[in-house]
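Trainee: Going down the list, the sequences are from chains V and H.
In this text, residue positions in the first sequence follow my numbering: the first is 1, and each later residue adds one.
In this text, residue positions in the second sequence follow my numbering: the first is 1001, and each later residue adds one.
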Amino acid sequence: MNTQAIKAIYRFEMARTFRTLVQSILAPVLTTSLYFIVFGAAIGSSMQQIHGVSYGAFIVPGLIMLSVLTESIGNASFAIHMPKWSGTIFELLSAPVSTPEIVLGYVGAATSKSVLIGLIILATSMVFVPLQVLHPLPMVLMLIVTAFTFSLFGFMLGIWAGSWEKLTIVPTLVITPLTFLGGSFYSLDLLPPLWRMVTLFNPVVYLISAFRWCFTGQADVSLALSFGFIAGFLALCLALTSWMIRSGWRLRS
Amino acid sequence: MSNMTQAPVLSIRQLCKAYPGGHQALKSVSLDIRRGEIFALLGPNGAGKTTLIGIACGLVNPTSGSVHVDGHDVVVNFRAARAAIGLVPQELTTEAFETVWAAVSFSRGLFGCTPDAVHIEQVLRSLSLWDKRNSRIATLSGGMKRRVLIAKALSHNPRVLFLDEPSAGVDVELRRDMWAVVRSLRDQGVTIILTTHYIEEAEQMADRIGILNKGQLVLVEDTATLIHRLGRRELTLTLQQPLTALPPGMDATDLSLSEDGLTLRCSFEQASGQMPPITQLLRQLEQAGCSVRDLHTQQSSLEEIFVQLVSTGK
Ligand SMILES: Nc1ncnc2c1ncn2[C@@H]1O[C@H](COP(=O)(O)OP(=O)(O)O)[C@@H](O)[C@H]1O
Ligand SMILES: [Mg+2]
């Protein structure tokens, strides 16, 4: 295994993150803080408790997931699309590295960055709302697994996308709506039965529900279903990536 | 000398490439590159030079045939093969926001080497990039970016270096520096394969020259042999009356008669210091009853050989 190459890619990507600190870390943290101020402090103060916690505390897990999803996809897709677009990918393709090593370098860096952002947002939220994490270990594990899975997804998106437009279309048109309608801001119990049914087709619901369980100990949908879904999506992304590896899809002519 | 040093460093066998859409970019190319030589691949645009390099470097999948680098198949044993290769591509593609130092260090890591600041400093100095090591690449001029590309290719001490059109759009100073680097690499035993449009450059730099046209290798020759051909002059005699055959006694010479019987051609060596056999030839023709209307001599150049090979497509 070419560990030097994995390290080189990882370091290169992390250096990019810290070089663009404002844009890559401060921006998502600021956005989330605004949510806390508006929904947690301002509107939340006049809302009743959900799942036995204040509204401000209720939305924290969803907001973290929202950032982790967006950042994982955005980062991993940008990281591989950029060299494809500029042509510098020739070096990656002519280097003695296998595709799993390339994936590990890029996806590893994107995962680290998302987990870091998730943890910063968690810390920030503690400034605004009284927060309790009932199951810290599953919480951190879920954070890592989710970041990894969606970074994998983003990586494939970056390879698939032929243009910058396509690169942004999937996150804006698919991921953002799914996250907003995934129960970040409300409990599914508050929805009328029909909408509740519809919502159950949204995969993000399972993610947020399980993640919120790590905080409050309560979930909207069954935990087994949630973890089953997360494992299933991870397996799907891994399978697609390994197919991509074998075929050299969209990389070599 | 051991067998190892005599075995070709790059061995291409019946290499074919058909791009999706059916275009045959390479048609059964076979070529051996000797260890430590500078090999120039000449050919017009679209001949398949970049495709050939692309297959050797793992950027293009071959349709059939094989390439071995130092005995390693570039597909089956890609790690060992690619680790030996450095590539300076035709297009000017570099990172933009990274510093020169970071980009070159990144390349070294990609090729599986542990960091080596001393080596990278040496490479940057040899390319006059040392002062720019902390500059972002986007702020550099085109010539400087090309130097960065060369530095990246040399960052992992390759044993085989590919330079794809290294002189295209390059200023005199850079060209001089580049050839100095290439010569010193050759002295260290690095094999260099370059493609170029500049025939004089191939003549000056290369030990051997290969000509690729429409995906076929039409000629591979020592540069010295080609220069030798270059040193030949051709004498053309235009006759008053057509001849049906060479006059008796003259068929032994290096003469050829054109189809219309009006032109006689003879090539001879100039380098030998002898007087051209023109006087003798003219006397022989006179004795045979032919009168000469016109006469001129011409030096054949590599350029001509090239154009002739490429246009006849043989
Ligand atoms: N990715 C590609 N897809 C389809 N055709 C290609 C591709 N790359 C090169 N070609 C075609 O293959 C031929 C050889 O190209 P190339 O190897 O770049 O030639 P050269 O480097 O000698 O100019 C050209 O006709 C070119 O149009
Ligand atoms: Mg070319």
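Where a beta carbon is used, it is the ideal one built from N, C-alpha and C, also for glycine.
Could you give the C-beta distance for L69 of chain V and Y35 of chain V, rounded to a whole number, given that I count them as a contact under 8 angstroms?
Mentor: In fact, because the Cβ distance is near 15 angstroms, the residues do not count as touching under 8 angstroms.
Trainee: For a test of the three-state rule: what should DSSP assign to P1008 of chain H, helix, strand or coil?
Mentor: coil
Trainee: For the stretch 1129 to 1204 of chain H, which segments carrying the alpha helix (DSSP H) assignment without a break, of at least 4 residues, lie completely within its bounds, in sequence order?
Mentor: 1142 to 1154 and 1172 to 1187
Trainee: Report the partner residues of L1235 of chain H according to the DSSP bridge assignment.
Mentor: H:C1266 and H:T1297
Trainee: What are the uninterrupted segments assigned as alpha helix (DSSP H) that are 4 or more residues long and contained completely in the stretch 50 to 88 of chain V, given in chain order?
Mentor: 55 to 86
Trainee: On the CB-based measure, 16 or more other CB atoms within 10 Å of its CB, does I9 of chain V come out buried or exposed?
Mentor: buried
Trainee: In the stretch 1128 to 1154 of chain H, which residues sit with their C-beta less than 8 angstroms from some C-beta in chain V, listed in chain order?
Mentor: K1152
Trainee: To the nearest angstrom, report how far apart Q23 of chain V and I73 of chain V are at their CA atoms.
Mentor: 15 angstroms
Trainee: What residue does the alpha helix (DSSP H) around F36 of chain V start on, and which one ends it?
Mentor: Careful: F36 of chain V lies outside any alpha helix (DSSP H) and carries neither H nor E.
Trainee: For L141 of chain V, which of V:L157, V:G118, V:E91 and V:L152 has the nearest alpha-carbon?
Mentor: Taking only the C-alpha atoms, the option nearest L141 of chain V is V:G118.
Trainee: Sort H:A1102, H:R1146, H:C1113 and H:A1151 by Cα distance to L1124 of chain H and report the nearest one.
Mentor: H:A1151
Trainee: Name the DSSP bridge partner or partners of N1213 of chain H?
Mentor: H:Q1216
Trainee: From which residue to which residue does the alpha helix (DSSP H) around Q1287 of chain H run?
Mentor: Residues I1278 to Q1287.
Trainee: Would you give the residue range spanned by the alpha helix (DSSP H) that L157 of chain V belongs to?
Mentor: Annotation: the continuous alpha helix (DSSP H) that includes L157 of chain V extends over P136 to W160.
Trainee: Could you check which residue in V:S46, V:N202, V:R19 and V:L167 has the C-alpha nearest to that of I80 of chain V?
Mentor: When only C-alpha atoms are compared, the closest one is V:L167.
Trainee: Using CA atoms only, rank isn't needed, just tell me which of H:T1063, H:N1045 and H:L1041 is closest to I1053 of chain H.
Mentor: H:L1041
Trainee: Within the 7 angstroms Cβ cut-off, does S94 of chain V reach chain H?
Mentor: True, the Cβ-Cβ gap to chain H drops below 7 angstroms.
Trainee: Could you give the distance in angstroms between the alpha-carbon of S1258 of chain H and the alpha-carbon of L1235 of chain H?
Mentor: Cα to Cα, S1258 of chain H sits roughly 13 angstroms from L1235 of chain H.
Trainee: How would you call W1101 of chain H, buried or exposed, if buried means at least 16 neighbouring beta carbons within 10 angstroms?
Mentor: Its Cβ being crowded by 16 or more others within 10 Å, W1101 of chain H is buried.
Trainee: So, does the CB of A1083 of chain H fall closer than 7 angstroms to a CB anywhere in chain V?
Mentor: It does; some Cβ of chain V falls within 7 angstroms.
Trainee: Quick check: the stretch 200 to 212 of chain V against the stretch 175 to 186 of chain V, are there 3 or more CB pairs under 8 angstroms?
Mentor: Under the three-pair Cβ rule at 8 angstroms, the stretch 200 to 212 of chain V counts as touching the stretch 175 to 186 of chain V.
Trainee: Which partner residues does Q1024 of chain H have in the DSSP bridge list?
Mentor: H:A1018
Trainee: Over the uninterrupted beta strand (DSSP E) stretch that includes G1086 of chain H, give me the two end residues.
Mentor: I1085 to V1088
Trainee: Closer than 8 angstroms by C-beta to V1060 of chain H: which residues in its own chain qualify, once you throw out the five before and the five after it? Chain order, please.
Mentor: If we look at V1060 of chain H and ignore the five residues flanking it on each side, its Cβ neighbours are K1017, T1051 and G1054.
Trainee: Indicate, with yes or no, if ligand 2 has a heavy atom lying under 6 angstroms from the CB of K84 of chain V.
Mentor: no
Trainee: Express the C-alpha separation of M1205 of chain H and W1179 of chain H in angstroms, rounding to a whole number.
Mentor: 8 angstroms
Trainee: At the 7 angstroms Cβ level, is P1089 of chain H part of the contact set with chain V, yes or no?
Mentor: yes
Trainee: Which term fits E1165 of chain H, buried or exposed, when burial requires 16 or more other beta carbons within 10 angstroms of its beta carbon?
Mentor: buried
Trainee: Checking 7 angstroms against the spacing of the C-beta atoms, do T17 of chain V and K84 of chain V come in under that value?
Mentor: no
Trainee: Would you say R252 of chain V lies against chain H (beta-carbon separation less than 7 angstroms)?
Mentor: Yes - at least one Cβ of chain H is within 7 angstroms of the one on R252 of chain V.
Trainee: So which residues on chain A does V97 of chain V lean against when the C-beta distance must stay under 7 angstroms?
Mentor: Protein chains in the displayed structure are V and H, and chain A is not among them.
Trainee: Return no unless some Cβ of chain H is closer than 7 angstroms to the Cβ of G87 of chain V.
Mentor: For G87 of chain V, the answer is yes, since a Cβ of chain H falls inside 7 angstroms of its Cβ.
Trainee: With distance defined between alpha-carbon atoms, name the residue in V:A210, V:I43, V:A219 and V:W249 nearest to A231 of chain V.
Mentor: V:A210
Trainee: Within the 7 angstroms Cβ cut-off, does Q218 of chain V reach chain H?
Mentor: no
Trainee: Taking 8 angstroms as the cut-off, does the stretch 101 to 110 of chain V touch the stretch 152 to 161 of chain V (at least 3 CB pairs, one atom from each stretch)?
Mentor: yes
Trainee: Between R250 of chain V and G1112 of chain H, what straight-line distance do the alpha-carbon atoms span, to the nearest angstrom?
Mentor: 24 angstroms
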